[in-house]
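Shown next, in structure tokens, is the structure this report addresses.
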Amino acid sequence: MSSSQRSLCPLTLLVVLALSACTAAPGTPAAQPAGTRLQVVATTTFIGDMVRNVAGDRAEVTVLLPVGADPHQFEPRPSDAAAIAKAQVLFMNGAGLEAFLEPLLKSVGGQRIVVECAQGLPLRTVKEDGRMVADPHLWYDVRNAIHYVENIRAGLIQADPAGRAVYTANADRYMAQLRDLDGWIVEQVKQIPPEQRKLVTSHDTFGYFARRYGFEVIGAIFPAGGVEAQPSAQDIAALISAIKATGVKAIFTESTVDPKFAEQIARDAGVKVVTKLYTDSLGGPGSGAETYIDLMRFDVQAIVEALK
Ligand SMILES: [Zn+2]
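The numbers in numbering that gives the first Met the number 0 rise by one with no breaks, and the one at position 235 of the sequence shown is 234.
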């Protein structure tokens, strides 16, 4: 990954948040003209789904990334700048996921509240090219997703105080569903013998998931910071050795990542490929992963089926 991508880690996010703090003073949200809905932008599909669950009918939510787009590599279009320009609130994952966002916000200018959903959560750090960087994939621990919803609720109330009761009730209902989801995952994982709870994925997405639900991440073809160049021959050889040494049963591909390396590595290591998990993007209509909750259920079912 490039140094410019890597730079969008906590320091840069603070700059983004500071910008938002000075352009939208707390307690003085933009007035909401009668009959118009709060204009909201979300960066990724799963953030958009969470925001819609909390906002209900009070907001018009525009999602920047199309289904299947890789947020690590996303290149904004003119329509994205236009959506941000008219937004009163923008919700992002943060923790370095949306490298495209900082220059885009700068070029758009204007005033809006920017909410980093991951703000306040402890970050897992991973070594990439000899330096430690944040792993942005916090939403794979459902307890973290509940924290996202708390930040989303706070951002919506700041922008639209008159909607406080609606946002609070919607968030309460949604967080109850998320607590159920978390418990369901814990139960599902019990079907996998503990020694087989080992993951190899297209990119290093499952660190938070593994820590919460009792898996070991044996390796990934690409790092947590995203998919860029071809993996080196040494990296591929090391991953194949690790797969053979640990008895991993499958490699999981992801909808946002080209599966060709996973297929090659699986052939060389003599394990199966499971296509495809939904990780950095929701699935399209008919995928079974059209919402964050369905995405988690889909992935957990695929993982349990492959490893049990
Ligand atoms: Zn990712």
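Quick reminder that beta carbons are idealized off the backbone N, C-alpha and C, glycines included.
Within a Cβ cutoff of 7 Å, which residues of the same chain sit near residue i, ignoring the five residues on either side of it in sequence?
i, result
"L137", "A94, A117, L120, N143, Y207"
"Q38", "E59, K85, A86, Q87"
"A82", "V40, T61, L63"
"D293", "G287"
"T167", "R152"
"M174", "I145, V148"
"S45", "Contrary to the premise, residue 45 reads as Phe rather than Ser in this sequence. Contacts found: W138, L281, Y291, L294."
"T245", "K197, I217"
"V270", "I242, V247, K248, A249, I250"
Apart from the five residues on each side of it in sequence, which residues of its chain come closer than 6 Å, Cβ to Cβ, to residue i?
i, result
"L104", "none"
"G162", "R57"
"L177", "V141, A144, I145"
"T200", "A219, F251"
"D48", "T290, Y291"
"L96", "P70, P135"
"E215", "K197"
Is the CB-CB distance between residue i and residue j below 8 Å?
i, j, result
"G213", "V188", "yes"
"R196", "D140", "no"
"V132", "T124", "yes"
"I184", "M295", "yes"
"I191", "L306", "yes"
"P70", "T35", "no"
"A265", "V272", "yes"
"E127", "P222", "yes"
"G283", "G67", "yes"
Helix, strand or coil for residue i per DSSP?
i, result
"T278", "coil"
"L37", "strand"
"E289", "coil"
"E97", "coil"
"D298", "helix"
"V272", "strand"
Exposed or buried, which one is residue i when buried takes at least 16 other CB atoms within 10 Å?
i, result
"G26", "Residue confidence for G26 is low, a pLDDT of 42 falling below 50, so the modelled location carries little weight; the figure read from the coordinates is stated next. With fewer than 16 Cβ atoms within 10 Å of its Cβ, G26 is classed as exposed."
"P193", "exposed"
"A98", "buried"
"K275", "buried"
"P65", "exposed"
"T278", "buried"
"E253", "buried"
"A170", "buried"
"S231", "exposed"
"R172", "exposed"
"R76", "exposed"
Among the residues of its own chain, which have a CB less than 8 Å from the CB of residue i, if the five just before and after it don't count?
i, result
"I239", "I264, D267, A268"
Notebook entry, point to check: Where are the beta strand (DSSP E) runs, 3 residues long or more, that stay fully inside the segment 132-180, in chain order?
Noted result: Complete beta strand (DSSP E) runs here, min 3: none at all.
In chain order, what are the residue ranges of uninterrupted alpha helix (DSSP H) at least 4 long that sit wholly in the segment 197-258? 206-212, 232-245
Exercise for the section: Any chance you could list the beta strand (DSSP E) runs of at least 3 consecutive residues sitting entirely within the segment 41-120, in chain order? Expected result: 58-62, 88-91, 112-115
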